[in-house]
Amino acid sequence: MKILFLNGPNLNLLGQREPEVYGRTTLAGIEAKVRERAAQLGADIDFRQSNLEGELVDWIQQARGKFDVIVINAAAYTHTSIALRDAIAAVGVPTIEIHLSNVHAREKFRQKSLIAPVCCGQIIGFGSKSYILAVEASVHVKECNKLR
Ligand code: DQA
Numbered sequence: 004m005k006i007l008f009l010n011g012p013n014l015n016l017l018g019q020r021e022p023e024v025y026g027r028t029t030l031a032g033i034e035a036k037v038r039e040r041a042a043q044l045g046a047d048i049d050f051r052q053s054n055l056e057g058e059l060v061d062w063i064q065q066a067r068g069k070f071d072v073i074v075i076n077a078a079a080y081t082h083t084s085i086a087l088r089d090a091i092a093a094v095g096v097p098t099i100e101i102h103l104s105n106v107h108a109r110e111k112f113r114q115k116s117l118i119a120p121v122c123c124g125q126i127i128g129f130g131s132k133s134y135i136l137a138v139e140a141s142v143h144v145k146e147c148n149k150l151r
């Protein structure tokens with residue numbers, strides 16, 4: 004099981020960025036926890052972050068045939084990016100959308116996800132634990148494509 008974790012814009016600032024919303028764990032800290040859980044479950048992890056929409060699109064395209072699952076925290080691009088949505092739909096790699104915060108309890112513009120309809124499901128609002136739950140969902144939930 005190979006899982007590609009993609010992180011969108013500003014997530015490189017976790018730990019110092021609005022800690023009351025996103026917590027005090029850095030992205031490197033989250034990656035370490037993800038790797039620990041993945042190792043327990045026998046999964047291989049690639050963990051990346053970019054502030055650039057096109058780079059995220061490239062990585063999604065390149066995932067075909069190389070990864071079993073994509074886990075994506077698209078950050079602000081969640082709410083704006085038709086390009087990310089089209090890339091996820093095009094490659095057909097089962098994809099799980101995650102967020103640290105409960106986007107539905109926040110501003111109206113965060114309550115719409117353009118990528119949700121092409122993802123297997125969402126894990127939202129559990130802080131850095133959203134990432135750990137996504138590792139567990141990737142390994143244990145085989146029905147992703149059928150349920151879509
Ligand atoms: C976020 C939620 C987004 O609305 C926001 O733009 C982010 C982080 C989250 O993980 O809670 O950058 O994706």
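With this note's numbering applied, the sequence shown covers 4 to 151. Quick reminder that beta carbons are idealized off the backbone N, C-alpha and C, glycines included. Computed from a prediction, not measured in an experiment: that's the story for all the values here.
Look up residue i in the DSSP assignment and say whether it is helix, strand or coil.
i    : result
V96  : coil
F129 : coil
I75  : strand
V43  : Note that residue 43 is Gln in the sequence shown, not Val. Of the three classes helix, strand and coil, the one that applies to Q43 here is helix, per DSSP.
L103 : coil
K149 : Caution is warranted here: a pLDDT of 49 is assigned to K149, below 50, making its placement in the model unreliable, and the coordinate value is therefore given only provisionally. K149: helix per DSSP, three-state reduction.
N15  : helix
L87  : helix
K5   : strand
F112 : helix
R51  : strand
G57  : helix
G26  : coil
Are the beta-carbon atoms belonging to residue i and residue j less than 8 Å from one another?
i   : j    : result
I99 : I127 : no
A66 : V96  : yes
E56 : A86  : yes
L7  : D49  : yes
A46 : V138 : yes
N10 : N105 : no
Within 8 Å (strictly less), CB to CB, does residue i reach chain D?
i   : result
S53 : Included in the structure is just one protein chain, with no chain D present.
Review point. Counting Cβ pairs closer than 8 Å, one from the segment 111–122 and one from the segment 76–90, do we hit at least three?
Key: yes
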